[in-house]
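Sequential numbering from 42 applies to the sequence shown in the numbering used here.
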Amino acid sequence: MKNVLKIVFLGIIGFSLLVYLTAPKNVEKSTISNDENSVLTIDSIPRYFELIGKNPYTKFETLFQEGVEKYIVVLNHDALAVFKDLYKKTDKNIVLIANISNTPWIIKQIAVNGELEKMYKDSKIPLINDDNGFFVKTLKIDNNKQNQYFVFKLNTDGTIEKVTEGLVKQGALEKGLTNDELEKSLNEIVKIF
Numbered sequence: 042m043k044n045v046l047k048i049v050f051l052g053i054i055g056f057s058l059l060v061y062l063t064a065p066k067n068v069e070k071s072t073i074s075n076d077e078n079s080v081l082t083i084d085s086i087p088r089y090f091e092l093i094g095k096n097p098y099t100k101f102e103t104l105f106q107e108g109v110e111k112y113i114v115v116l117n118h119d120a121l122a123v124f125k126d127l128y129k130k131t132d133k134n135i136v137l138i139a140n141i142s143n144t145p146w147i148i149k150q151i152a153v154n155g156e157l158e159k160m161y162k163d164s165k166i167p168l169i170n171d172d173n174g175f176f177v178k179t180l181k182i183d184n185n186k187q188n189q190y191f192v193f194k195l196n197t198d199g200t201i202e203k204v205t206e207g208l209v210k211q212g213a214l215e216k217g218l219t220n221d222e223l224e225k226s227l228n229e230i231v232k233i234f
């Protein structure tokens, strides 16, 4: 029995060490100043990011150009379940950002990335995987409430302004939504744009 406990204990230590040593290090810094009054611009947006879905290696210029108005929507946990069908309701120029920066690294690797691909496989709106939190830091979002979302507008002059923030049904990702609840939420969200 002692040997079994030793093996289990050493296995746990070994697995923890493996996760710690293989976790990616965040080396890129956000280009935005920490000054609360600083103006967000297109130059503040991180240059490197991972897109979920069909073409993960998209260039920055493909999604963000000065002179092109665009909405940037940061989605926390539950909001991901609601916004997956937004493409059916609007043809506005939108980029979605999945804020999964607080999810443990091993969970991101095992489950989250694959789940996001499945959820957004039919969506026409690009979804950026912000697993390292660069977009969240750049846009100065410090609220990780599970059912929260944040809408920003990239103006034609290259400035970025916060439009609004909102809530979706708590537990929408785990428990799901009825068709009526989803329809009602999407209709409210479309009014923002």
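Virtual Cβ for every residue (Gly too), placed ideally from N, Cα, C.
Around the CB of residue 137, 16 or more other CB atoms lie within 10 Å, so the residue is classed as buried. With 16 or more other Cβ atoms inside 10 Å of its own Cβ, residue 189 counts as buried.
When the five nearest sequence neighbours on each side are left out, the beta carbons in the same chain lying within less than 6 Å of the beta carbon of residue 101 are those of 88, in order along the chain. Counted as a single uninterrupted DSSP element, the beta strand (DSSP E) harbouring residue 200 occupies residues 200–208. Here residue 177 is buried, its C-beta having at least 16 other C-beta atoms within 10 Å. Distance from the Cα of residue 203 is smallest, within the candidate group 212, 234, 210, for 234. Runs of the beta strand (DSSP E) spanning 3 or more residues and lying entirely within the region 106–179 occur at 111–116, 135–139, 168–170, in chain order.
Sixteen is the threshold: since fewer than 16 other Cβ atoms of the shown chains lie within 10 Å of the Cβ of residue 159, the residue is exposed. In this structure, DSSP gives residue 86 a state outside helix and strand, which the three-state scheme calls coil. Contact between residue 123 and residue 227 holds, with the beta-carbon distance rounding to 7 Å and staying under 8 Å. When the Cα atoms are used, residue 155 and residue 48 turn out to be separated by approximately 32 Å.
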